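>
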Amino acid sequence: MYRKTYALIDCDVIKSNIEKIRETYNDYKYYFGVVKANAYGHGIYVINAMIDAGINYLAVATLEEALNIRKLNKKISVIVLEPIDASNAKVAALNNITITIDDVENFKDILNQKVKLKFHMKIDTGMNRFGLKKSEDADYIYKNSNNILVLEGIFTQLYSGFGEELKKEENRFLEITKNIDLSKVPIVHLDRSLTLEQHERFSFANGVRLGIIMYGFPKRVYQPSLKRRIYNFVLRKKTTSEESVLKLNTAFKFYTTVMETKSVLPGEVVGYGGMYDSKENSKIAILPYGFADFTFIKPTNVYIKNRKYKIITNYMDITSVIVDDSVKSGDMVEIFGDIIKIREAAEEAGVNVYKLLCSVTTRVPRVYKYQNKEVEVNYLGGLDEKI
Numbered sequence: 216m217y218r219k220t221y222a223l224i225d226c227d228v229i230k231s232n233i234e235k236i237r238e239t240y241n242d243y244k245y246y247f248g249v250v251k252a253n254a255y256g257h258g259i260y261v262i263n264a265m266i267d268a269g270i271n272y273l274a275v276a277t278l279e280e281a282l283n284i285r286k287l288n289k290k291i292s293v294i295v296l297e298p299i300d301a302s303n304a305k306v307a308a309l310n311n312i313t314i315t316i317d318d319v320e321n322f323k324d325i326l327n328q329k330v331k332l333k334f335h336m337k338i339d340t341g342m343n344r345f346g347l348k349k350s351e352d353a354d355y356i357y358k359n360s361n362n363i364l365v366l367e368g369i370f371t372q373l374y375s376g377f378g379e380e381l382k383k384e385e386n387r388f389l390e391i392t393k394n395i396d397l398s399k400v401p402i403v404h405l406d407r408s409l410t411l412e413q414h415e416r417f418s419f420a421n422g423v424r425l426g427i428i429m430y431g432f433p434k435r436v437y438q439p440s441l442k443r444r445i446y447n448f449v450l451r452k453k454t455t456s457e458e459s460v461l462k463l464n465t466a467f468k469f470y471t472t473v474m475e476t477k478s479v480l481p482g483e484v485v486g487y488g489g490m491y492d493s494k495e496n497s498k499i500a501i502l503p504y505g506f507a508d509f510t511f512i513k514p515t516n517v518y519i520k521n522r523k524y525k526i527i528t529n530y531m532d533i534t535s536v537i538v539d540d541s542v543k544s545g546d547m548v549e550i551f552g553d554i555i556k557i558r559e560a561a562e563e564a565g566v567n568v569y570k571l572l573c574s575v576t577t578r579v580p581r582v583y584k585y586q587n588k589e590v591e592v593n594y595l596g597g598l599d600e601k602i
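Anchor point for the sequence shown: position 356 equals 571 in the working numbering, and the numbering is continuous, going up by one each time.
(1) May I have the straight-line CA-CA distance separating serine 459 from lysine 498, to the nearest angstrom?
(2) Assuming isoleucine 554 and asparagine 521 form a contact by the criterion Cβ under 8 Å, report the distance between their Cβ atoms to the nearest whole angstrom.
(3) Using the DSSP secondary-structure output, state which residues sit across from aspartate 225 in a beta bridge.
(4) For the alpha helix (DSSP H) that contains glutamate 623, what are its first and last residues?
(5) Counting along the chain, where does the beta strand (DSSP E) carrying tyrosine 518 start and finish?
(6) Going by other Cβ atoms of all chains shown within 10 Å of its Cβ, with 16 needed for buried, is valine 542 buried or exposed?
(7) Exposed or buried, what is lysine 290 when buried is set at 16 or more other beta-carbons lying within 10 Å of its beta-carbon?
(8) Suppose only complete runs of 3+ residues qualify. What are the beta strand (DSSP E) ranges in the segment 323–387, listed by chain order?
(9) Buried or exposed: where does glycine 248 fall if 16 or more other Cβ atoms within 10 Å of its Cβ makes it buried?
(10) For the alpha helix (DSSP H) containing leucine 209, list its first residue and its last residue.
(11) Between Lys230, Pro401 and Leu282, which has its C-alpha nearest tyrosine 243's C-alpha?
(12) State the CB to CB distance for the pair phenylalanine 345 and aspartate 352, rounded to an integer number of angstroms; the pair is presumed to be in contact (CB under 8 Å).
(13) With a threshold of 16 other CB atoms inside 10 Å of the CB of glutamate 280, please say whether the residue is buried or exposed.
(14) Between aspartate 324 and alanine 308, which are expected to be in contact by the criterion C-beta below 8 Å, what is the C-beta distance as a whole number of angstroms?
(15) Measuring only from the beta carbon, is arginine 581 closer than 6 Å to any heavy atom that is part of the ligand GDP?
(16) Quick check on the burial criterion: 16 or more other C-beta atoms within 10 angstroms. Buried or exposed for tyrosine 272?
(17) Apart from the five residues on each side of it in sequence, which residues of its chain come closer than 6 Å, Cβ to Cβ, to lysine 348?
(18) Let me make sure I understand the geometry here. Which of Gly545, Ser350 and Thr510 has the alpha-carbon closest to that of aspartate 396?
(19) Report the rounded CA-to-CA distance for tyrosine 569 versus isoleucine 427, giving the unit in angstroms.
(20) Identify whether serine 292 lies in helix, strand or coil by the three-state DSSP scheme.
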């Protein structure tokens with residue numbers, strides 16, 4: 216790397232997290248590793264560690280993402296979770312990519328392409344995003360799938376994960392699929408990272424989709440919504456919170472270095488339009504990263520030599536912080552990682568961890584640690600190296 220601004224991704228941690236999850240929730244046959252959005256910002260070079268840990272199916276959001284997976288691994292099963300246009304069915308078939316179908320007309324159009332494809336039927340249980348809402352539509356697709364357009368799975372995206380809402384979703388799923396013998400469907404998957412821990416496995420499901428949990432973020436605390444807490448109060452029901460039983464670690468650390476230091480006199484300003492007005496003799500450090508590298512640059516502090524320093528300006532490529540005389544050019548800077556935890560950085564930015572991780576752009580090289588080896592990958596330069 217040239218700028219010394221990079222994300223350090225510990226694949227051994229991801230592997231360990233998955234092994235703990237599988238050991239704790241060991242009654243599934245299919246463990247989907249969700250690697251959409253460049254593996255939640257970690258980069259898709261994490262997939263080999265995931266597969267080593269027991270992930271036997273990968274899931275992405277788009278066909279483009281699935282094709283990127285195929286550059287690294289030709290064999291692992293990959294599903295595109297969003298529906299694709301029928302005109303792209305041949306591309307999916309040529310690359311052995313499983314697709315999602317959630318619409319009868321789309322099903323007919325893909326059927327007419329006469330290409331051999333596996334698909335999963337998606338059911339809408341209340342999210343109102345993608346998915347079938349009528350049993351007759353599910354029946355039609357089920358009965359008209361064949362050995363060319365092969366129904367491999369049925370799934371939904373749970374919007375809740377506990378209590379009465381979860382039961383309603385389960386009932387909707389069973390109602391829409393009531394004429395389908397789910398025991399004859401190879402893969403049935405409903406749960407995801409943040410619902411996995413909330414209840415026992417559905418008896419008719421044999422798959423689970425692991426997303427943010429693999430990267431070290433299990434259920435933090437179950438805190439019912441304000442509406443639910445008021446409802447419980449009125450009915451004098453007990454409102455509970457619950458910690459995750461999983462003890463997982465995060466794999467993503469974000470570093471840069473001090474590019475230069477500069478003295479600023481009282482009355483001088485720093486940045487475009489005088490973003491910062493110096494009231495006293497100050498020393499600033501110039502850091503080689505900006506909002507083109509880290510969209511949610513709002514967090515107000517970084518750590519240098521285990522000490523906290525305040526951000527005063529940020530631009531597309533550069534960030535400035537107020538420092539003291541102990542800080543020198545070339546010192547390592549933690550944006551988040553060991554000291555500033557990812558959840559803490561997300562809270563400071565006013566976003567969730569998904570948004571924070573995905574906001575570290577592909578302009579930032581990823582350095583992957585795995586099995587006593589480190590590999591740097593520059594995503595803007597293509598996917599040419601392998602771990």
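Beta carbons are placed, not taken as given, at the ideal position from N, Cα and C, and that holds for glycine. Treat the numbers as computed from the prediction; the structure is a model and nothing was measured.
In brief:
(1) 44 Å
(2) About 7 Å separates the beta carbons of isoleucine 554 and asparagine 521, which is inside the 8 Å limit, making them a contact pair.
(3) Lys584
(4) Outside the modelled stretch of the chain, which goes from 216 to 602, sits residue 623, for which no answer is possible.
(5) 516–519
(6) buried
(7) exposed
(8) 332–338 and 364–371
(9) buried
(10) The requested residue 209 does not occur in the structure, where the chain is confined to residues 216 to 602.
(11) Pro401
(12) With 8 Å as the limit, phenylalanine 345 and aspartate 352 do not qualify as a contact, their Cβ atoms being about 13 Å apart.
(13) buried
(14) The pair is not a contact, with the Cβ atoms about 14 Å apart (cut-off 8 Å).
(15) Looking for the ligand GDP in the displayed structure turns up nothing, as the structure carries no ligands at all.
(16) So tyrosine 272 ends up on the buried side.
(17) Asp339
(18) Ser350
(19) A direct Cα-Cα distance of roughly 8 Å separates tyrosine 569 from isoleucine 427.
(20) coil
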